[in-house]
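What follows is one structure encoded as structure tokens, with my remarks underneath.
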Amino acid sequence: MDNSSLDPLDWDELRAQGHRMLDDMLDHLQHLRDRPVWQPTPDEVRQHWNSPLPLQGTPLPDLHAQFMSDVLPYAVGNAHPGFMGWVHGGGTPVGMLAEMLAAGLNANVGGRDQMPVVVERQIVQWMRELYGFPEDSSGIFVTGTSQANLMALWVARTARLGPEVKQNGLSGHPQHLIVYASKAVHGCIPQAMNLSGLGTRALRLIPVNDRFEMDLEALEQAVADDRKKGFTPFLVIGTAGTVDVGAVDDLNQLARFCAREKLWFHVDGAFGALLRLSPPLSTRVDGIESADSIAFDFHKWGQVPYDAGFLLVRHEAAHRETFSSPAAYLQRAQHGTAGGSPWPCDYGPDLSRGFRALKTWFTLKAYGTERLGAVITRTCQLAQTFAERVRAVPALELLAPVSLNIVCFRHRGPQADDLNARIVVALQESGVAVPSTTIIGSALAIRLAVVNHRTRQGDLDALLHQVLHLGHQFTNKEDSH
């Protein structure tokens with residue numbers, strides 16, 4: 010029998026093994042609460058993954074067993090309801106199954122006349138509807154908001170300098186382009202400045218107010234000062250959901266300012282842009298409909314499995330001019346597989362692209378925007394309730410206003426930074442809950458981000474109880490020395 014193919018010799022045997030693997034993952038999701046949120050990987054397990062390149066194959070059941078023993082128990086744990094360390098979505102069984110379908114199809118969604126491209130265009134259409142963008146606006150799936158923000162920067166640059174910047178580069182233009190964002194902006198923005206060739210010195214980090222929102226007067230002054238110096242302001246980045254505290258810049262005011270000053274208005278809405286799905290909270294991002302571009306992730310509040318970032322651009326021509334690249338092997342035709350132009354590769358840097366749209370389509374269709382929006386509403390309510398409990402406990406203090414779903418607090422005590430750092434590590438290693446830390450002002454804070462659709466009040470109560478227990482334990486130890 011010809012064994013040159015990688016398909017199995019016994020499809021029934023593979024089918025049975027595939028069902029066992031699927032059942033194991035469904036069991037994992039069903040019984041998440043019976044497992045620790047996170048646990049450190051033992052050294053002996055790590056050693057299993059220090060082997061030489063395999064020359065011969067290993068039976069699939071053995072590989073599955075190694076995954077179950079070595080990988081599954083030691084992931085970061087963001088599917089677990091007790092994971093509240095970072096803004097990570099929890100994923101869903103529906104999304105997992107959709108990802109399996111996409112993997113089986115193995116479509117390269119860079120282009121060609123195929124239904125996976127049509128599915129992606131459906132999501133683009135829905136996002137136009139959600140954000141009130143015009144019918145000729147464009148969108149594309151990417152790895153995440155970090156990539157989407159970088160791409161938006163490239164599009165804004167092309168819109169400002171013209172498509173010839175692709176040939177001439179920035180050195181061909183005398184304009185010194187300047188970008189503006191708040192001091193609370195995500196770290197991917199300075200990285201994007203670096204990768205775009207603009208340089209981090211061309212990024213103005215604007216002070217924030219007591220709600221951690223961009224100070225609009227300071228922005229206006231910075232733009233005016235740069236123009237006096239002969240620089241060229243061209244892009245303002247508003248944030249919907251800052252990484253530290255979940256603040257939302259005044260997008261309405263930023264939109265009006267950018268329109269008046271003829272600046273490109275981009276919104277980094279990594280998780281906060283999806284507030285549009287929550288009727289009680291949707292107005293928090295009013296003004297986003299006036300943006301020139303929006304970057305966000307379906308894999309955060311949208312609960313789509315990783316990864317599923319998205320970029321929406323109002324000006325399709327500028328978007329396509331930025332990325333389209335004629336090549337003989339990308340010739341288009343009216344008929345055959347070379348039809349269906351324009352292709353996704355005309356709107357981004359990737360020619361080889363996975364079918365991210367399918368798991369997003371399944372999630373939106375299976376749950377509906379009302380149910381997904383209710384998850385967003387509930388996570389913010391849980392955060393507010395947690396903040397109220399923090400205020401009621403003398404041993405604890407809030408370090409920032411709770412705008413959405415992120416609570417920054419700490420345990421009071423001597424050497425509070427060290428104390429709270431120890432509390433967080435002990436919490437993580439306990440397997441009860443996973444918060445993270447950040448710096449608010451000059452103080453180290455315990456950062457709680459409620460994102461997972463599985464998280465309930467009891468999970469927050471368990472975390473609060475453990476923080477108080479550990480804080481009491483550690484401060485008493487210090488007092489006894």
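Just so we're aligned, residue 10 is where the sequence shown starts under our numbering, counting upward by one. From the three backbone atoms N, C-alpha and C, an ideal C-beta is built for every residue, glycine too.
Worksheet item: Does the stretch 449–469 come within contact of the stretch 80–97, defined as at least 3 CB pairs closer than 8 Å?
Response: yes
Item to complete: May I ask which residues mark the beginning and end of the alpha helix (DSSP H) holding residue 302?
Response: No alpha helix (DSSP H) contains residue 302, which is instead part of the beta strand (DSSP E) from 302–306.
Fill in: Whether residue 126 touches residue 91 by CB criterion (8 Å)
Going by C-beta atoms, residue 126 is not nearer than 8 Å to residue 91.
Worksheet item: Below 8 Å, can you find three or more Cβ-Cβ pairs linking the stretch 181–196 to the stretch 350–360?
Response: no
Worksheet item: Can you give, in chain order, each stretch of the beta strand (DSSP E) that sits fully within the stretch 435–489 and has at least 3 residues?
Response: Unbroken beta strand (DSSP E) runs of no fewer than 3 residues, entirely contained in the stretch 435–489, are found at 445–449 and 452–458, following chain order.
Discussion item. I need the DSSP call for residue 189, collapsed to helix, strand or coil.
Written reply: strand
Fill in: Between the CA atoms of residue 150 and residue 129 - distance to the nearest angstrom
Answer to the nearest angstrom: the Cα atoms are 8 Å apart.
Item to complete: Compare the beta carbon distance of residue 368 and residue 111 with 8 Å and say whether it is the shorter of the two.
Response: yes
Practice prompt. Select from 202, 235 and 159 the residue whose C-alpha is nearest the C-alpha of residue 302.
Written response: 159
Worksheet item: Hey, is the stretch 399–410 in contact with the stretch 418–429, meaning 3+ C-beta pairs nearer than 8 Å?
Response: yes
Worksheet entry | Sub-8 Å separation of residue 257 and residue 281 beta-carbons | yes
Discussion item. Among the candidates 312, 179 and 265, whose CA atom is the shortest distance from the CA of residue 208?
Written reply: Ranked by Cα distance from residue 208, the options 312, 179 and 265 are led by 179.
Practice prompt. Report the rounded CA-to-CA distance for residue 430 versus residue 456, giving the unit in angstroms.
Written response: 11 Å
Discussion item. So within the stretch 190–250, which uninterrupted alpha helix (DSSP H) runs reach at least 4 residues, ignoring any that extend past its ends?
Written reply: 197–205 and 225–237
Worksheet item: Does any heavy atom of the ligand SAM sit closer than 7 Å to the C-beta of residue 71?
Response: Annotation note on the ligand SAM: not contained in the displayed structure, which lists no ligands.
Worksheet item: Nearest to residue 105 by CA position, among 315, 154 and 22, is which residue?
Response: The option with the nearest alpha carbon to residue 105 is 315.
Fill in: residue 104 - DSSP class collapsed to helix/strand/coil
helix
Worksheet item: Helix, strand or coil: how does DSSP classify residue 40 here?
Response: coil
Worksheet item: Rounded to the nearest angstrom, how far is the Cβ of residue 286 from that of residue 382, given a contact under 8 Å?
Response: Residue 286 to residue 382, Cβ: 4 Å. Contact.
Discussion item. Does residue 406 come out as helix, strand or coil in the three-state DSSP assignment?
Written reply: strand
Discussion item. Quick check on this structure: which residue in 472, 424 and 88 has the alpha carbon closest to the alpha carbon of residue 439?
Written reply: 472
Discussion item. Helix, strand or coil, according to DSSP, for residue 419 in the structure here?
Written reply: If DSSP states are grouped into helix, strand and coil, residue 419 belongs with the strands.
Worksheet item: What number of angstroms, rounded off, separates the C-alpha of residue 74 from the C-alpha of residue 19?
Response: 20 Å
Worksheet item: Taking the continuous beta strand (DSSP E) assigned at residue 273, which residues delimit it?
Response: 273–277
Worksheet item: Applying the criterion that 16 or more other CB atoms from any shown protein chain within 10 Å of the CB defines a buried residue, is residue 108 buried or exposed?
Response: Buried, since its Cβ has 16 or more Cβ neighbours within 10 Å.
Practice prompt. Measure from the alpha carbon of residue 173 to the alpha carbon of each residue in 331, 474 and 423, then state which is nearest.
Written response: Ranked by how close their Cα comes to the Cα of residue 173, the residues 331, 474 and 423 have 331 in first place.
Worksheet entry | residue 322 - containing beta strand (DSSP E), residue span | 318–322
Fill in: Terminal residues of the beta strand (DSSP E) in which residue 377 lies
Careful: residue 377 lies outside any beta strand (DSSP E), inside the alpha helix (DSSP H) at 365–400.
Worksheet item: How many angstroms separate the CA atom of residue 363 from the CA atom of residue 29?
Response: 25 Å
Worksheet item: Taking the alpha carbon of residue 402 as the point to measure from, which residue in 195, 470 and 412 has its own alpha carbon closest?
Response: 470
Worksheet item: When burial is assigned at 16 or more other CB atoms within 10 Å of the CB, is residue 275 buried or exposed?
Response: buried
Worksheet item: Do the stretch 152–169 and the stretch 197–208 touch if we need at least three Cβ pairs shorter than 8 Å?
Response: yes
Worksheet entry | Chain-order list of residues whose beta-carbon lies under 6 Å from that of residue 153 (same chain, five-residue window excluded) | 306, 316 and 318
Worksheet item: What residues in its chain sit with their C-beta under 6 Å from that of residue 48, if we drop five residues either side in the sequence?
Response: Sequence-distant Cβ neighbours of residue 48 in its own chain, meaning closer than 6 Å and more than five residues away, are 440.
Practice prompt. Whole angstroms is fine: what's the gap from residue 133's alpha carbon to residue 386's?
Written response: 24 Å
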